[in-house]
Amino acid sequence: MAARDSFARTSGLRTTEHLAGTIEKAQKRPEAGGNCWALNDFHAVPDLFMTLRLYNTLSGQLDELAPSDGNELRMYACGPTVYDYGHIGNFRTFLQVDVLRRFLRLAGMKIRHVMNITDVDDKIIRNAAAAGVPIGEYTPLYEQAFLDDLDSLQIERPEILARATAHIPEMVDLVERLSAAGAAYRTGDGDGAGIGTGSWYFRLKAFPEYGKLSKKDLEGITDGARVDVDEYEKDSARDFALWKATKPGETSWETAIGTGRPGWHLECSAMAMKYLGESFDLHAGGEDLMFPHHENEIAQSESVTHKPLARHWFHVRFLLVDGRKMSKSEGNFYTLRDLLLKGYKASAIRLALISVPYRHQLNFTFEGLTEATNAIDRLRTFVSRLKKAGLAEGTTEPLQSAAEKAEAGYFAALENDLNTAEAKAPIFDLIRTVNSALDAGVVLAGDRDRVLAVLDQFDAVFAVIADRDAEPTKSAVAWAQSQGFAEKIAPQLLVAQGLSDEEIDALIAERNLARKQRNFKRSDEIRDELAAKGIVIEDAKDGVRWKRK
Ligand SMILES: [Zn+2]
1 MAARDSFART SGLRTTEHLA GTIEKAQKRP EAGGNCWALN DFHAVPDLFM TLRLYNTLSG
61 QLDELAPSDG NELRMYACGP TVYDYGHIGN FRTFLQVDVL RRFLRLAGMK IRHVMNITDV
121 DDKIIRNAAA AGVPIGEYTP LYEQAFLDDL DSLQIERPEI LARATAHIPE MVDLVERLSA
181 AGAAYRTGDG DGAGIGTGSW YFRLKAFPEY GKLSKKDLEG ITDGARVDVD EYEKDSARDF
241 ALWKATKPGE TSWETAIGTG RPGWHLECSA MAMKYLGESF DLHAGGEDLM FPHHENEIAQ
301 SESVTHKPLA RHWFHVRFLL VDGRKMSKSE GNFYTLRDLL LKGYKASAIR LALISVPYRH
361 QLNFTFEGLT EATNAIDRLR TFVSRLKKAG LAEGTTEPLQ SAAEKAEAGY FAALENDLNT
421 AEAKAPIFDL IRTVNSALDA GVVLAGDRDR VLAVLDQFDA VFAVIADRDA EPTKSAVAWA
481 QSQGFAEKIA PQLLVAQGLS DEEIDALIAE RNLARKQRNF KRSDEIRDEL AAKGIVIEDA
541 KDGVRWKRK
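1 is the number of the first residue of the sequence shown in this note's numbering; add one for each residue after it.
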């Protein structure tokens, strides 16, 4: 199990560090030897594991992904705007980026992954004003909730998290460079525009390549036609706001380019280039960000650097819920916490959201979630059965080759544009084969080690076998109780949460004693009492284990 240890979660951000603008994560990771995809401390299968071919929105084809400096893959992923709790559509994107980074790390690749936290934008300013608090008091709750949700879903934290409000000087500097390059202008009093007086805009005419990423059929560019909001869907290309003049009383910064606040697009360009350089390997985000956000990032950056901002653009398709677009008005809108409170396990939510490859539309349904729950049960039951089996030394040819075949199929599927659906299939085939062999009593200890090693590689990316489900559920229940949403908590969770870990341990100790004293009546009573409260106990050779159902 040494392999899994190198993927042990590191603690990452904590609230006490909240005031720091940027937090670099100390991370345990296997070091890559140059540009090669060596497996390091993983069970060696280097021949199977050569290249990741990943769809590149910019080139419109599958491109091989490797660090351009031969050492470290530098990637940027657009992060959350912290004005609300994250919904499963957001998390599908973050999970698929997690699949990408976990697979790269499984390959021994060194990664420098930067994610922004947007803590100032139109929506935040509006919501904070409605709540009657400054934005600096409004966003920390949602930022922490986001980080907690990442932990619940076993999403690894990026090496660098960067808050927009902590990078105002870098953004001002970029506007000044754009201005010097003739790609930014400031609206003055009485220019007749009516919007954004004193604001800075990007001059679209200065960047003829605008639209090269989304390949949208943009209508003719009208010089000087402006758009002031952070998000817009129109296909007509217009000059967009870089820096917005503010009205009295609004959140603002006094800077060399005037008093105001940054537009949303500007922050990503400024922070990405600060931490990754003017040109880096990969930029990721949900497909809804492709236009205008990513086009605008490209325009802002490349107009001054004349280098490609990112060589590779990775976009995750949005999901449907029960075949329809997820929306609050449709009543099919779910946050992660909504699903945890309905009694679904965090691991099942993770598996349901990653099982469909990132470029395919995922239709999220509760049946799908139940299937994921069952699949995880199969995986965990199998691992526990295999570990417990008393086996003679040695290996058998059929099981060694079955393991090898599963491993090869798994890596081949992930190397092929991260095909998670195809990567899962050989693993479940292997489980069927080994279960039959266990039934027939023909598994040897060396087979078990080999099969567990393959499952470790699977879990290095899928991260669902190791059972870390209790904590997210417990936290969600506590959160709902503290926020006054107790009615949203599924009854079975309340029953299971009714006993603390210590109380369960005490009951199990009492049951052990009763059994030792051959008081089977009491021992059965305790078992039944625990079962009624959703606690399953399992008598193993090395003692009694328990879990919450
Ligand atoms: Zn962004």
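In this text, a Cβ means the ideal position worked out from N, Cα and C, and glycines have one as well.
Exercise for the section: Look at the alpha carbon of leucine 309 and the alpha carbon of serine 301, and state the distance between them as a whole number of angstroms. Expected result: 6 Å
Practice task
Would you kindly check if the distance between the Cβ of glycine 263 and the Cβ of lysine 244 is under 7 Å?
Solution key: yes
Exercise for the section: Take the Cβ of aspartate 542 as the centre, count every other Cβ of all protein chains shown within 10 Å, and call the residue buried at 16 or more, exposed below. Expected result: exposed
Practice task
On the DSSP bridge assignment, give the partners of glutamate 64 in chain order.
Solution key: Arg53
Problem - Same chain only: Cβ atoms within 6 Å of histidine 294, ignoring 5 sequence neighbours per side - result: Leu213
Practice task
Could you work out which residue in Glu422, Arg324, Met273 and Gly343 is closest to threonine 370 when comparing CA atoms only?
Solution key: Gly343
Practice task
Any chance you could list the residues with Cβ under 5 Å from a heavy atom of ligand 1, keeping chain order?
Solution key: Cys78 and Cys268
Handout entry: leucine 452 versus lysine 387: straight-line alpha-carbon distance, rounded
Key = 9 Å
Exercise for the section: With DSSP as the reference, label arginine 545 as helix, strand or coil. Expected result: strand
Handout entry: Neighbour-count burial assignment, aspartate 377, 16 or more Cβ in a 10 Å radius
Key = exposed
Handout entry: Rounded C-alpha distance that separates aspartate 447 from glutamate 397
Key = 9 Å
Practice task
Spell out a yes or no on whether the stretch 279-297 and the stretch 59-70 are touching, meaning 3 or more CB-CB pairs, one atom from each, closer than 8 Å.
Solution key: yes
Exercise for the section: Answer yes or no: does any C-beta atom of chain B fall closer than 7 Å to that of asparagine 56? Expected result: No chain B is part of this structure, which consists of one protein chain only.
Exercise for the section: Assign histidine 306 to one of two classes, buried (16 or more other C-beta atoms within 10 Å of its C-beta) or exposed (fewer than that). Expected result: exposed
Problem - Per-residue DSSP class, three states only, for methionine 75 - result: strand
Exercise for the section: Reducing DSSP to helix, strand and coil, say where tyrosine 344 ends up. Expected result: coil
Problem - For phenylalanine 207, the first and last residue of its enclosing alpha helix (DSSP H) - result: Phenylalanine 207 -> no alpha helix (DSSP H), and no H or E assigned at all.
Practice task
Compute the distance between the beta-carbons of asparagine 127 and tyrosine 85, then report whether it is under 7 Å.
Solution key: no
Handout entry: Whole-angstrom distance between histidine 113 and arginine 74, CA atom to CA atom
Key = 6 Å
Exercise for the section: Would you kindly work out how many angstroms separate the C-alpha atoms of leucine 530 and arginine 515, rounded to a whole number? Expected result: 16 Å
Exercise for the section: Assuming serine 303 and alanine 206 form a contact by the criterion Cβ under 8 Å, report the distance between their Cβ atoms to the nearest whole angstrom. Expected result: 6 Å
Practice task
Confirm, please, whether the CB-CB distance from isoleucine 298 to valine 175 is below 7 Å.
Solution key: no
Practice task
Assign lysine 247 to one of three DSSP states: helix, strand, or coil.
Solution key: coil
Practice task
Would you list the one or two residues that DSSP bridges to methionine 326?
Solution key: DSSP, once it has assigned bridges, lists no residue as partnering methionine 326.
Problem - Reduced DSSP secondary structure (H/G/I, E/B, other) of glutamate 231 - result: coil
Exercise for the section: State the DSSP-derived secondary structure class of proline 30, mapped to helix, strand or coil. Expected result: At proline 30 the pLDDT is 33, less than 50, meaning the model places this residue with poor confidence; the figure from the coordinates comes in the next sentence. Three-state DSSP puts proline 30 in coil, outside helix and strand.
Exercise for the section: Less than 8 Å between the CB atoms is what I'm expecting for aspartate 119 and isoleucine 155, so what's the real figure, rounded? Expected result: Their Cβ separation, rounded to whole angstroms, is 19 Å, which puts aspartate 119 and isoleucine 155 out of contact at 8 Å.
Practice task
With DSSP as the reference, please indicate the residues paired to proline 262 in a beta bridge.
Solution key: Trp243
Practice task
Can you give me the Cβ contacts of glycine 534 inside the same chain, cut-off strictly under 7 Å, excluding the 5 residues immediately before and after it?
Solution key: Gln492, Val495, Ala496, Arg548 and Lys549
Handout entry: From Lys488, Phe202, Phe364 and Glu510, residue whose alpha carbon lies closest to that of asparagine 561
Key = A query on residue 561 cannot be resolved here, the shown segment of the chain reaching from 1 to 549 and no further.
Exercise for the section: Give the DSSP-derived three-state secondary structure of methionine 109 in the structure shown. Expected result: coil
Exercise for the section: Sort Trp200, Ile168, His167 and Thr165 by Cα distance to glycine 182 and report the nearest one. Expected result: Trp200
Practice task
In angstroms with no decimal places, state the Cα-to-Cα distance between threonine 473 and proline 80.
Solution key: 22 Å
Problem - leucine 430: first and last residue of the uninterrupted alpha helix (DSSP H) it sits in - result: 420-440
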